[in-house]
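Chains as they are written, first to last, in the numbering used here: chain G, 38 to 151; chain V, 2 to 95; chain P, 23 to 545; chain H, 30 to 186.
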């Protein structure tokens, strides 16, 4: 059971992020929740590809030939950059909303009835 | 009402993630034939020592093209959000 | 010449992306140059899409592998029979969706060339529109799960930025934020589900996972995550609160294409249910879940639409209710899969009805949103109470609105009726109550559109709209194309069903054929 | 919004070292850990260090916003250009047509641990450089827009 610690950390991070997203009322905190979930998902993807006693799949001066699975790291790279892009867009939208509504509290920001 | 629904989704997702955390063996992947192929043939076919870079740019290069587009979308999105706008463009939403 | 014909799937994505990358550079040379550049890019891409669709309908599924020397090298010889690269698998169902995307994308670019004249930030707008189109093409054509996630993110981000384009004192930005946050959440759930499948089957290709799949507890969780992520993105009821806001706040050309991008997520939902989890999941339970979602979407969409006073919000709620029809049609088809006798009589017509409704909905909903855009462009307001008597000046727009409204309500000569009839027939045999609900919702749709038609076009000529002119030429041409297709599909539904919809429906069910096309018949 | 004299001078000095380190990561992407995205991000931090340390107008005096935009566009066009070049040579999209051909980056690399040769891995270094330039331009423009968005709360600026 203790071997699965990384997946436990992933589950806790994703739940924390989801809790902040669903229960917090401030827009900036909700975006923090989204970035927490993103971090959790990235850690989950990386942890999927690990093999015991293996090193990073780089052959330049590698100490041993037992290597970790490379595809997952390519997926995580893409997922991280997607996370950066989404965060940049979300934060600039919150800045625009703050400029016009002068508040980032979700309850006041709902001029559009959902 | 909203907090009840949010609570249920949180609990359901939590249980499924914990079940997954317990059932996936960490460090012992069930199948790894695609990755072993990359490790074995990465150097001859792509010539790169860093197999992750060869996967990112050669075997799954199309993902990285999509990747660069996501970043370009974010840049153009931020650009049009902070653009200089003429006064009368806003529509009075009452 | 055959180099281009062989590389069509690759060019299908490369051309709009190249066009989007160079638009800021071309727009430094002036508006006319950018308009020509954007129109040329979209025309070329739609041509590619239609060419691929016609080749697929002739010669069956096209499999295009990225990064190999010849078209036939799908599986490297020494890799033990597994494809290792990204593969585009375009089967008749993807070809069916490609046709929709090509037609609607050409029309909205033609429309927005003239509707964006008076606004600022046009080069950013067209770059994002081209990226949104490329994202939707990628979502439809790809056969690789992670590649689908990347294109899902491109279309979500481009769509969210376009929804927030007008900013409108922060209201559009709020709608864009809601859309972006929800799409990101959906994408992350999708990614977790990909992780679950990857750790068990060590592949990202749908065909390989489908052929290796034996249902474990983890796969059921992955299926639930796939289902919620894609249901969230396609505007079905439980997660539909972003649809009315973003459809109402976005420029109307963008809304017409957001409908198509939601349908691409719906296509992905069907792909996951029918092909990825082909013989594994119990079709009855998943079919009934889809039916319940469909009925809920239909009913809530229409009942929320009637009290609306903003034209585009009203149409957005109708979009939610029409998505319910598609879910109902395909849900009944899936549920009927459980017993072959029921499937032969009911399932096939239900599937055909559901898929045909996707195309019809994209056409007439696009037409309706474009007409609402003309009114917004000319009268500057979307509020039904302030509009009136526009029929006197805007003849063509009134005709197009009538065509769209009658098509959405399912009146015989138009295409809405053809697909709704198929859905009524099959759901009535499957479960009469569903068919009754579907008909009631259709009548309510007609009622609300008659109200909109009356309040916008009929009545005396209002003083402030005395001199309102008809829409400019490109907008009329764009709407004319959609209107002609709506009428054409309405008058000759049987030919369209036999050539386009039937192969798509058979391709949807035949998951062995899908896996055989990629893995070379040893799956 | 500019910092004290000490920070400004150290920022000017550090700017050069971060740039060199960033380009090292981009260029050696196929040998050592790193690549286009990571290297581009490091170089972007060099520019953001300058934005934070100096006043916005000084920064815009040295580097124009359009130069970052052309930077980004040229990176993207180079990236999709190398991918499209594979089609023009008769292969399929995204084919690595340079590796193992002895040309520009074409030295053949046998399986096994070696100390890493620069001119290997076909089109991968070219794509690395392209993505590095693109990420460099992209991230800096995002930060430029967001800082200009903070400074001017009034409408339209």
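For each residue, glycine too, the CB sits at the ideal point set by N, CA and C.
If you're wondering where the values come from, they're calculated on a predicted model, not measured in any experiment.
Legend entry - Coarse secondary structure for residue 347(P), derived from DSSP in three states: helix
Legend entry - For residue 95(H), the three-state DSSP class (helix, strand or coil): helix
Legend entry - Three or more C-beta pairs below 8 Å linking the region 87–94 of chain H and the region 31–39 of chain P: no
Inset, instruction - Starting from the C-beta of residue 365(P), find all residues in its chain whose C-beta is less than 7 Å away, skip the five residues before and the five after it, and write them out in chain order. - result: 358, 359
Inset, instruction - Determine whether the Cβ of residue 45(H) lies closer than 9 Å to any Cβ atom of chain G. - result: no
Legend entry - Proximity test, Cβ basis, 9 Å: residue 201(P) and chain V: no
Legend entry - Counted within 10 angstroms of its Cβ, other Cβ atoms place residue 125(H) as buried (16 or more) or exposed: buried
Legend entry - Sufficient close CB pairs (3 or more, under 8 Å) joining the region 18–31 of chain V to the region 110–123 of chain H: no
Inset, instruction - Express the C-alpha separation of residue 224(P) and residue 88(G) in angstroms, rounding to a whole number. - result: 14 Å
Inset, instruction - Just the chain P side, please: which residues come within less than 7 Å of residue 17(V) by C-beta, in chain order? - result: 243
Legend entry - Whole-angstrom C-beta distance between residue 82(G) and residue 118(G), which should lie under 8 Å: Residue 118(G) to residue 82(G), Cβ: 13 Å. No contact.
Legend entry - Own chain residues within Cβ distance below 6 Å of residue 491(P), not counting five before or after: none
Legend entry - Collapsed DSSP secondary structure at residue 259(P) in the structure displayed: helix
Legend entry - Candidates 345(P), 118(P), 275(P), of which the one nearest residue 254(P) by Cα: 345(P)
Inset, instruction - Report all residues from its chain with a CB closer than 7 Å to the CB of residue 107(G); omit the five preceding and five following residues, and keep chain order. - result: 94
Legend entry - Limits of the unbroken alpha helix (DSSP H) element including residue 9(V): 3–24
Legend entry - Residues that residue 40(P) contacts on chain H, provided the C-beta gap is smaller than 7 Å: 109
Legend entry - DSSP bridge partner residues for residue 109(P) (one or two, in chain order): 87(P)
Inset, instruction - Name the two residues that bound the continuous alpha helix (DSSP H) containing residue 56(P). - result: 53–81
Inset, instruction - With 9 Å as the C-beta to C-beta threshold (strictly closer), list the residues of the region 74–85 of chain H near chain G in chain order. - result: none
Inset, instruction - Work out the CA separation of residue 35(V) and residue 60(H) for me, nearest whole Å. - result: 22 Å
Legend entry - Exposure of residue 52(G), with buried meaning 16 or more beta-carbon neighbours within 10 Å: buried
Legend entry - Closest Cα partner of residue 503(P) within the set 130(P), 300(P), 105(P): 130(P)
Inset, instruction - Tell me whether residue 190(P) is buried or exposed, calling it buried when 16 or more other Cβ atoms sit within 10 Å of its Cβ. - result: buried
Inset, instruction - Please list the partners that residue 120(H) has in chain P, where partner means a Cβ-to-Cβ separation under 7 Å. - result: 91
Inset, instruction - Could you tell me which residues DSSP pairs with residue 97(G) in its beta bridges? - result: 143(H)
Inset, instruction - Could you tell me which chain P residues have their CB closer than 7 Å to the CB of residue 179(H), listed as they occur along the chain? - result: Those within 7 Å of residue 179(H) in chain P number zero; the least Cβ separation is about 16 Å.
Inset, instruction - Could you confirm whether any beta carbon from chain G is found closer than 9 Å to the beta carbon of residue 76(V)? - result: yes
Legend entry - Cβ-Cβ separation, residue 269(P) to residue 334(P) (assumed contact under 8 Å), whole Å: 6 Å
Inset, instruction - Taking residue 143(H) as the reference, give the member of 22(V), 3(V), 12(V), 48(V) with the closest Cα. - result: 48(V)
Legend entry - Simplified DSSP assignment, three categories, for residue 189(P): coil
Legend entry - Three CB pairs or more closer than 8 Å across the region 483–502 of chain P and the region 182–196 of chain P: no
Inset, instruction - Name, going along the chain, the residues of the region 331–350 of chain P whose beta-carbon falls closer than 9 Å to a beta-carbon of chain V. - result: 332
Inset, instruction - For residue 150(P), collect the residues of the same chain with a Cβ closer than 6 Å to its Cβ; drop the 5 residues on either side in sequence, then sort them by chain order. - result: 180, 183, 184
Legend entry - Exposure of residue 516(P), with buried meaning 16 or more beta-carbon neighbours within 10 Å: exposed
Legend entry - Contact with chain G by residue 210(P), beta-carbon distance below 9 Å: yes
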